[in-house]
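So the number in my numbering is just where the residue sits in the sequence shown, counting from 1, plus 4. Glycine residues also receive a C-beta, built at the ideal position from the N, C-alpha and C atoms.
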Amino acid sequence: MDFSMKLPSSHSFLTLISTIILHLIFFISLCFEANAKVELPENVLIPALFVFGDSIMDTGNNNFKKTITRCDFAPYGKDFPGGVATGRFSNGKAPSDIIAEELGIKEFLPPYLDPKLYATELATGVCFASGGSGFDHVTSKLLNAIPLSSQLDSFKEYIEKLKVSVGEYRTNEILVNSIFIVVFGSNDISNTYFLTRLRKIKYPKFSDYADRLVSIASNFTKEIYQLGARRIGIFNVPPLGCVPMQRTVAGGPERKCVEEYNNATVLFNDKLSNQIDSLKTDLSDSKIVYMDIYSRTLDVIVNSQNYGFVNEDKGCCGTGKLEVGFLCNRFGSICSNASEHVFWDSFHPTEIFYKITIPPLLKNYMSQFF
């Protein structure tokens, strides 16, 4: 009888090590989930977060894309841990990070396109969002952002990678129990329709363009549903007429909130809400949640002093009136305290704004995901 020890092949050994590491990551994530800040139903853990969207949610995907819509340079990220410009359109964290942290998943949601993304990060979710993107493919073409269709393709690719890492059964389990966030529409309305007027030729009435956007949103929701998503939160569009850039461009000498833009946004949001109600019926085994960020954002802007802000109509970067992206750079000035400003640049809010608005938003809607 041969009692000699047989060593495992190098392939088997590596497979074993990978399995052990994945299990360790899983247990670590469970520990983090136990510290979820938002109240979840008893014995419920959310394994992962997936985000599709535009620059508000982008955590760095545009760093790996040839586009002028980038912010991987100072002063962006000045209040991020280490003062690093990560590609988030903020002085600090993006809403994607704050949502992940509030759900007890992880502190930062990594960009899917990062070539240094660890396989172990896949099981707890990633960000597919891209600055400059929109529901309309024309919107993404304007700034060479990652369009909706490519974000969907990345998600399909992600699923196959996850299957390799944790197996098909666990992959399906993760998808069904995770939360998906969809945030588009701002660039479609502010840039494609009003600023460049590219869509006004085909859709003279904004209502018709809004119908087009809502149809795309509906189809996208159905597509990620078919791929396994069941808990889907869709943000409405914030009051675009009160964004510093829009005030500067169309708000007159006093830079008031632009009523036309806000009215268009409200119209789009109403149509989106109605469509989501319809989707709830069509996709009855899912939880699709309309998340109203418009009302909360407008309240912070109108009543900014109640929230501790001293400036609500200019960004912290440069003059605060037009600077965004490459115009907000290390050669210009920045305000002394970003926490006193609602906006970081002329289009994107500060981290403190997100910390004030996102947790209550999640608290209001979390029960609807279950």
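3 or more residues per run - each beta strand (DSSP E) lying fully within the segment 290-369: The beta strand (DSSP E) runs lying completely inside the segment 290-369 and spanning 3 residues or more are 291-295, 315-319, 345-347, given in chain order.
Spatial distance of Ser153 from Asp140 (CA atoms): Position 149 of the sequence shown, counted from the first residue, corresponds to residue 153. Position 136 of the sequence shown, counted from the first residue, corresponds to residue 140. A direct Cα-Cα distance of roughly 10 Å separates Ser153 from Asp140.
Buried or exposed by the 16-neighbour rule on C-beta atoms within 10 Å, applied to Ile205: Here residue 205 refers to the residue found at position 201 when the sequence shown is read from its first residue. Classification of Ile205: exposed, given that the 10 Å Cβ count is below 16.
The beta strand (DSSP E) enclosing Ile238, as first and last residue numbers: The residue labelled residue 238 in the question sits at position 234 within the sequence shown. Residues 235-239.
Below-9 Å beta-carbon distance, Val247 vs any chain C residue: As a matter of chain content, chain C is missing from the structure shown, which is built from one protein chain.
Residue environment, Phe330, which counts as buried when at least 16 other CB atoms sit within 10 Å: Position 326 of the sequence shown, counted from the start, is the residue given in the question as residue 330. Result: exposed.
Contact between the segment 245-259 and the segment 167-180 (3+ Cβ pairs under 8 Å): Cβ pair count under 8 Å is below three, so no.
Cα-Cα separation, Asn195 to Leu146: Position 191 of the sequence shown, counted from the first residue, corresponds to residue 195. Position 142 of the sequence shown, counted from the first residue, corresponds to residue 146. The C-alpha of Asn195 lies about 9 Å from the C-alpha of Leu146.
Residues bridged to Ile183 (per DSSP): Counting from 1 along the sequence shown, the entry for residue 183 is found at position 179. Per DSSP, Leu53, Arg235.
Closest by C-alpha distance to Gly129, when choosing among Asn95, Glu106, Tyr116, Asn47: Sequence index remark: in the sequence shown, residue 129 carries index 125 (1-based). With distances taken between Cα atoms, Gly129 lies closest to Tyr116.
Per DSSP, cross-strand counterpart(s) of Cys131: The residue you call residue 131 lines up with position 127 of the sequence shown. Per DSSP, the beta bridge partners of Cys131 are Val55, Pro115.
Reduced DSSP category for Gly87 - H, G, I as helix; E, B as strand; rest coil: Residue 87 sits at position 83 when you count from the first residue of the sequence shown. Helix at Gly87.
Backbone CA spacing between Ile163 and Ile185 [nearest angstrom]: Walking along the sequence shown from the start, residue 163 turns up at place 159. Walking along the sequence shown from the start, residue 185 turns up at place 181. Cα to Cα, the separation comes out at about 17 Å.
Reduced DSSP secondary structure (H/G/I, E/B, other) of Glu43: Translated into positions along the sequence shown, residue 43 becomes position 39. DSSP, reduced to helix, strand and coil, places Glu43 outside both helices and strands of the structure shown, so it counts as coil.
At least three beta-carbon pairs within less than 8 Å, the segment 58-74 to the segment 312-323: At 8 Å Cβ cutoff, the stretches do not touch.
Where Lys209 sits in the DSSP three-state scheme: Residue numbering aside, residue 209 sits at position 205 when the sequence shown is read from its first letter. Residue state for Lys209 is assigned as coil, using DSSP reduced to three classes.
First and last residue of the uninterrupted alpha helix (DSSP H) at Asn267: Locating residue 267 in the sequence shown gives position 263, counting from the first residue. Segment 263-286, the alpha helix (DSSP H) holding Asn267.
Pairwise C-alpha distance: Val168 and Asp303: By 1-based counting over the sequence shown, the position of residue 303 is 299. By 1-based counting over the sequence shown, the position of residue 168 is 164. So the alpha carbons of these two residues sit roughly 46 Å apart.
Cα-Cα separation, Phe30 to Leu44: Taking the sequence shown and counting its residues from 1, the one referred to as residue 30 is at position 26. Taking the sequence shown and counting its residues from 1, the one referred to as residue 44 is at position 40. For Phe30, the predicted model reports a pLDDT of 49, less than 50, meaning its position is unreliable; a value from the coordinates is still stated below. Phe30 and Leu44 have their C-alpha atoms spaced approximately 19 Å apart.
Between the CA atoms of Ser337 and Val88 - distance to the nearest angstrom: Position 84 of the sequence shown, counting from 1, holds the residue named residue 88. Position 333 of the sequence shown, counting from 1, holds the residue named residue 337. Roughly 18 Å between the two C-alpha positions.
Met61 - DSSP class collapsed to helix/strand/coil: Mapped onto the sequence shown, residue 61 falls at position 57. Met61 falls in the coil class under three-state DSSP.
Any 3 or more C-beta pairs closer than 8 Å across the segment 277-284 and the segment 340-349: By the Cβ criterion, the segment 277-284 is not in contact with the segment 340-349, since fewer than three pairs of Cβ atoms, one from each stretch, lie closer than 8 Å.
As assigned by DSSP and simplified to three states, the class of Val247: Counting from 1 along the sequence shown, the entry for residue 247 is found at position 243. Taken through DSSP and simplified to helix, strand or coil, Val247 comes out as coil.
Outcome for Val293 when other beta-carbon atoms lying within 10 angstroms are tallied against a minimum of 16: In the sequence shown, counting from the first residue as 1, residue 293 sits at position 289. Classification for Val293: buried.
Whole-number beta carbon distance between Gly81 and Asn95, since they are thought to touch under 8 Å: What you label residue 95 is simply residue 91 of the sequence shown in a count that begins at 1. What you label residue 81 is simply residue 77 of the sequence shown in a count that begins at 1. 7 Å between Cβ atoms; contact.
Proximity below 9 Å, CB of Leu231 to CB of Lys160: Residue mapping note: residue 231 aligns to position 227 of the sequence shown, counting from 1. Residue mapping note: residue 160 aligns to position 156 of the sequence shown, counting from 1. Yes, they are a contact pair.
Burial state of Arg235 (16 or more Cβ within 10 Å): As a working note, residue 235 is residue 231 in the sequence shown. With 16 or more Cβ atoms within 10 Å of its Cβ, Arg235 is classed as buried.
Cβ-Cβ separation, Ser158 to Ala133 (assumed contact under 8 Å), whole Å: Reading the sequence shown from its first residue, position 129 is the one you call residue 133. Reading the sequence shown from its first residue, position 154 is the one you call residue 158. About 10 Å; that fails the 8 Å criterion.
Euclidean distance between Cα positions of Phe224 and Leu49: Numbered from 1 along the sequence shown, position 220 holds the residue referred to as residue 224. Numbered from 1 along the sequence shown, position 45 holds the residue referred to as residue 49. Rounded to the nearest angstrom, the two C-alpha atoms are 26 Å apart.
The alpha helix (DSSP H) enclosing Thr143, as first and last residue numbers: Walking along the sequence shown from the start, residue 143 turns up at place 139. That run of the alpha helix (DSSP H) goes 141-147.
Backbone secondary structure at Ser169 - three-state DSSP: The residue given as residue 169 occupies position 165 in the sequence shown. Secondary structure of Ser169 (DSSP, three-state): helix.
Proximity winner among Met370, Phe112, Ser371, Ser308, relative to Ile360 (alpha-carbon distances): Here residue 360 corresponds to residue number 356 of the sequence shown, with the count starting at 1. Nearest C-alpha to Ile360: Ser308.
Gly135 vs Thr143 beta-carbon contact at 9 Å: Along the sequence shown, one-based indexing puts residue 135 at 131. Along the sequence shown, one-based indexing puts residue 143 at 139. At the C-beta level, Gly135 and Thr143 stay beyond 9 Å of one another.
With 16 other Cβ atoms within 10 Å as the buried cut-off, status of Phe335: Numbered from 1 along the sequence shown, position 331 holds the residue referred to as residue 335. Phe335 is exposed by the Cβ-count criterion.
For Asn266, the nearest candidate out of Leu107, Gly91, Phe198 (CA to CA): Here residue 266 is taken as the residue at index 262 of the sequence shown, counted from 1. Nearest neighbour of Asn266 by Cα position, chosen from Leu107, Gly91, Phe198, turns out to be Phe198.
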